[in-house]
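Novice: Pasting in a structure now, in C-alpha cells, and then I'll have a few things to ask.
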Ligand SMILES: C[S@@+](CC[C@H](N)C(=O)[O-])C[C@H]1O[C@@H](n2cnc3c(N)ncnc32)[C@H](O)[C@@H]1O
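Numbering (the working numbering), first residue to last: 107 to 456.
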C-alpha cells in the first residue's frame with residue numbers, strides 16, 4: 107500500500123471520533139479489506155501528527171487515543187470530495203431514457219450471450235408466426251424476421267406506446283413484422299394462433315407473471331414453444347470488503363426496484379403450474395470486471411442513491427461503497443435464466 111493511501115485510510119477511520127491504534131486498524135480493515143502492517147499504521151500516524159492532521163487525546167491510560175484536528179477534518183473532507191469525483195467519473199448519475207437504456211444493454215456482450223441462447227432455444231423456422239412480447243424498441247424483431255423468412259410473420263407487442271412507436275419505425279422496411287400495443291395479461295390474439303413466443307426481461311416487471319403465462323399458453327398452438335429470459339436479481343454478487351453493504355444493495359434491488367426481482371428462480375415452476383412442459387433451463391451468468399460496463403446495466407450510482415433514500419444504506423456506507431467500486435479490481439456477477447417451455451400437444455384452455 108502506498109504511504110499516502112495508509113494516511114487517507116487512517117483519516118477515514120478517525121472520521122467518527124478518537125480511536126486507539128488497534129481500533130483504527132479494525133476500521134481500516136472494514137473499509138479496505140486489509141489491515142495495515144504495524145510499520146504502515148504507526149508510520150502513517152506519525153506523519154499525520156507531524157502535519158498536525160491528528161493529535162493525541164489526554165486520557166488515563168498509557169495508550170492515548172488519536173483524533174482528527176480541525177485541519178485533519180478539512181483534509182479528510184477534501185479527500186472525500188475527490189473520491190466522489192472519481193466515482194462520478196465512472197458512474198452515470200443521470201437516468202438514461204428507456205429506449206437508449208435498452209439499446210445500450212442490447213449492445214453489451216452480456217446481452218448478446220443470453221440472447222443467442224434464447225434464439226437457439228426458440229429455433230424459429232421459415233413460415234412460422236412468432237410473438238415477441240415486451241419487444242421494447244424492436245430489439246430482436248429484425249433477427250426473428252430473418253428467421254421466419256418471407257413466408258412467416260413476426261408480432262412485436264409492448265404495453266408502452268413509445269416502445270411501439272420506435273419498434274414500428276425501426277421495422278418499417280420489414281412487411282412481415284407487425285408491431286402492436288398490448289398487455290401480456292390480455293393478448294388480443296386468437297387462441298392457438300402462434301407457433302413460438304419469447305419474453306426477454308419482461309415478466310420480471312409484470313403485475314401477474316402466472317396470469318401472463320396463462321395468456322401465453324392460450325395463444326400458442328399445441329406443441330408451440332415459449333422461451334423466456336429473466337434475471338434473478340438476488341444472485342447479484344458485488345465484491346466489496348463490507349459484505350453487509352453489498353447484500354443490502356442487492357436486497358434493495360430485489361425488494362424495491364424490480365417488481366419480480368427473483369422471478370428467474372421461480373419461472374420454471376410457474377410455467378409448469380400454468381400447464382407448460384418445461385424442457386430446459388439454461389443459466390447464463392454475466393461477470394463484470396469493469397465498473398463502467400456494470401454501471402451500464404446496473405445503474406450503480408442511481409440505485410445506491412435510491413437505497414440510501416429507502417433506508418437500506420447509510421449515506422456514509424454509500425459513499426465508501428461507490429468510492430471502492432470505482433477503484434481497481436471491480437467484480438460483479440448476476441445470473442439470468444433462460445426457460446424453455448412447450449404448450450402440451452393438446453393445450454389445456456383456461
Ligand atoms: C427490459 S424491457 C426489454 C425489451 C426487449 N425485450 C429487449 O430485450 O430489449 C421490458 C419491456 O417489457 C415491456 N412490458 C412491461 N410490462 C408489459 C406488459 N404487461 N405487457 C407487455 N409488455 C410489457 C416494457 O414496456 C419494456 O419494453
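C-beta atoms are modelled at their ideal positions from N, C-alpha and C, and glycine is treated no differently. A quick note: this is a predicted structure, and the numbers were derived from the prediction, not measured.
Helix, strand or coil, according to DSSP, for residue 162 in the structure here?
Specialist: Taking the chain shown and counting its residues from 1, one reaches residue 162 at position 56. Three-state result, residue 162: strand.
Novice: Less than 6 Å between the CB of residue 356 and some heavy atom of ligand 1, yes or no?
Specialist: The sequence position of residue 356 within the chain shown is 250, counting from 1. Not so, every heavy atom of ligand 1 lies at least 6 Å from the Cβ.
Novice: Quick check on residue 422: does DSSP put it in helix, strand or coil?
Specialist: Walking along the chain shown from the start, residue 422 turns up at place 316. Residue 422 falls in the helix class under three-state DSSP.
Novice: Using 10 angstroms around the beta-carbon of residue 268, count the other beta-carbons present and answer buried if the total reaches 16, otherwise exposed.
Specialist: Position 162 of the chain shown holds residue 268. Counting Cβ neighbours within 10 Å, residue 268 comes out exposed, since fewer than 16 surround it.
Novice: Compare the beta carbon distance of residue 355 and residue 413 with 7 Å and say whether it is the shorter of the two.
Specialist: In the chain shown, the residue the question calls residue 355 occupies position 249. In the chain shown, the residue the question calls residue 413 occupies position 307. Result yes, Cβ atoms of residue 355 and residue 413 sit closer than 7 Å.
Novice: Comparing C-alpha positions only, which one of 416, 347, 323 sits nearest to residue 362?
Specialist: Reading the chain shown from its first residue, position 256 is the one you call residue 362. Nearest C-alpha to residue 362: 416.
Novice: Is the shortest distance between the beta-carbon of residue 152 and the beta-carbons of chain B less than 7 Å?
Specialist: Included in the structure is just one protein chain, with no chain B present.
Novice: Using CA atoms only, rank isn't needed, just tell me which of 220, 395, 114, 218 is closest to residue 525.
Specialist: With the chain represented from 107 up to 456, any question about residue 525 goes unanswered, as that position is not in the structure.
Novice: Taking 6 Å as the cut-off, is the beta-carbon of residue 240 closer than that to any non-hydrogen atom of ligand 1?
Specialist: Here residue 240 corresponds to residue number 134 of the chain shown, with the count starting at 1. Checking every heavy atom of ligand 1 against the Cβ of residue 240, one is found closer than 6 Å.
Novice: Give me the residue from 291, 156, 248, 388 with the minimum Cα distance to residue 323.
Specialist: As a working note, residue 323 is residue 217 in the chain shown. That would be 291, whose Cα lies nearest to the Cα of residue 323.
Novice: Rounded to the nearest angstrom, what separates residue 114 and residue 349 at their Cα positions?
Specialist: The residue labelled residue 114 in the question sits at position 8 within the chain shown. The residue labelled residue 349 in the question sits at position 243 within the chain shown. Distance between the alpha carbons of residue 114 and residue 349 is about 22 Å.
Novice: Any heavy atom of ligand 1 closer than 6 Å to the beta-carbon of residue 390?
Specialist: One-based indexing of the chain shown puts residue 390 at position 284. The answer is no for residue 390.
Novice: Tell me whether residue 413 sits in a helix, a strand or coil according to DSSP, three-state version.
Specialist: Taking the first residue of the chain shown as 1, we reach residue 413 at position 307. Helix.
Novice: Between which two residues does the alpha helix (DSSP H) containing residue 144 stretch?
Specialist: Within the chain shown, numbered from 1, the residue matching residue 144 stands at position 38. 144-156 is the span of the alpha helix (DSSP H), which, as asked, contains residue 144.
Novice: Determine the direct distance from the alpha carbon of residue 384 to that of residue 479, and round the result to whole angstroms.
Specialist: A query on residue 479 cannot be resolved here, the shown segment of the chain reaching from 107 to 456 and no further.
Novice: Please state whether DSSP places residue 389 in a helix, a strand or coil.
Specialist: Mapped onto the chain shown, residue 389 falls at position 283. Strand.
Novice: Shorter than 6 Å, the distance from the beta carbon of residue 208 to the closest heavy atom of ligand 1, or not?
Specialist: As a first step, residue 208 is located in the chain shown; it is residue number 102 there, counting from the start. True, at least one ligand heavy atom lies under 6 Å from that Cβ.
Novice: How close, in whole Å, do the beta carbons of residue 301 and residue 236 come, if the pair is a contact with beta carbons under 8 Å?
Specialist: The residue given as residue 301 occupies position 195 in the chain shown. The residue given as residue 236 occupies position 130 in the chain shown. Confirmed, about 6 Å.
Novice: Determine the DSSP secondary structure at residue 265, reduced to helix, strand or coil.
Specialist: Counted from its first residue, the chain shown places residue 265 at position 159. Three-state DSSP puts residue 265 in coil, outside helix and strand.
Novice: Is residue 245 buried or exposed, if buried means 16 or more other CB atoms sit within 10 Å of its CB?
Specialist: The count along the chain shown starts at 1 and reaches residue 245 at position 139. Label assigned to residue 245: buried.
Novice: Pull up the distance between the alpha-carbon of residue 151 and that of residue 426, whole angstroms please.
Specialist: On the chain shown, residue 151 is found 45 positions in, with the first residue counted as 1. On the chain shown, residue 426 is found 320 positions in, with the first residue counted as 1. The alpha-carbon atoms of residue 151 and residue 426 are separated by roughly 21 Å.
Novice: Within 10 angstroms of the Cβ of residue 201, are there 16 or more other Cβ atoms? Answer buried if so, exposed if not.
Specialist: The sequence position of residue 201 within the chain shown is 95, counting from 1. Looking at its Cβ environment, which holds fewer than 16 other Cβ atoms inside 10 Å, residue 201 is exposed.
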